[in-house]
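Quick note: the sequence shown uses the numbering used here, first residue 32, plus one each step.
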Amino acid sequence: MKRREFGQKFAGGIAAASGLGALPAQAARAPRKNTLMHVGGDYHSVAGSGISSKENLEYNLRYGVKHLTAQPSERAQDGSWDLDVLKRMQEECGKYGVSIEAIRMGGGYITRRKGPERDREIDIILRNI
């Protein structure tokens, strides 16, 4: 018997023996769903023309991303969010089963000194919320 034949027969014998003495396989359990964490997409990386564009939504879904953080591109003169724009984004995402989980707020008020300009920015944020 040649070395190669011996190795093949030896490995085949081990495989056969382990199959005969094996216990019945337990029923496969479905993996437990992780309800604490999920994958999300950010406003920094957008494919296509906007966060709720068809291209961006299809791109994110291709990789299992169903939760997005948006940054509204259209704002009023005073910096407040446009409710119609937000509703349109939500509807466009909803068609694909994607949810807008968060909206990016400006952070300029954090670095400003206390004063009327900072208070004005905080008031805008409060109105947006």
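We treat Cβ as the ideally placed atom computed from N, Cα and C, and that holds for glycine.
Item	Value
L67 in three-state terms, based on DSSP	coil
Cut-off 8 Å between Cβ atoms - residues of its own chain near R143, not counting five sequence neighbours on either side	R149, E152
Top-ranked residue by Cα proximity to I155, from W112, I141, R119	W112
Best match in L114, L99, R60, S104 for proximity to C225 [C-alpha to C-alpha]	With the chain covering only 32 through 160, there is no way to say anything about residue 225.
Euclidean distance between Cα positions of I160 and R119	17 Å
Reference Q121, options L88, Q108, A107, S76, closest by Cα	L88
Reference E132; option with closest CA among Q108, K33, E36, H69	H69
Local conformation of E105 per DSSP, three classes	coil
Bounding residues of the beta strand (DSSP E) (the contiguous stretch that carries I131)	130-134
In DSSP terms, what G138 is bridged to	Its beta-bridge partners do not exist; DSSP assigns none.
Local Cβ density within 10 Å of N65, reported as buried at 16 or more and exposed below that	exposed
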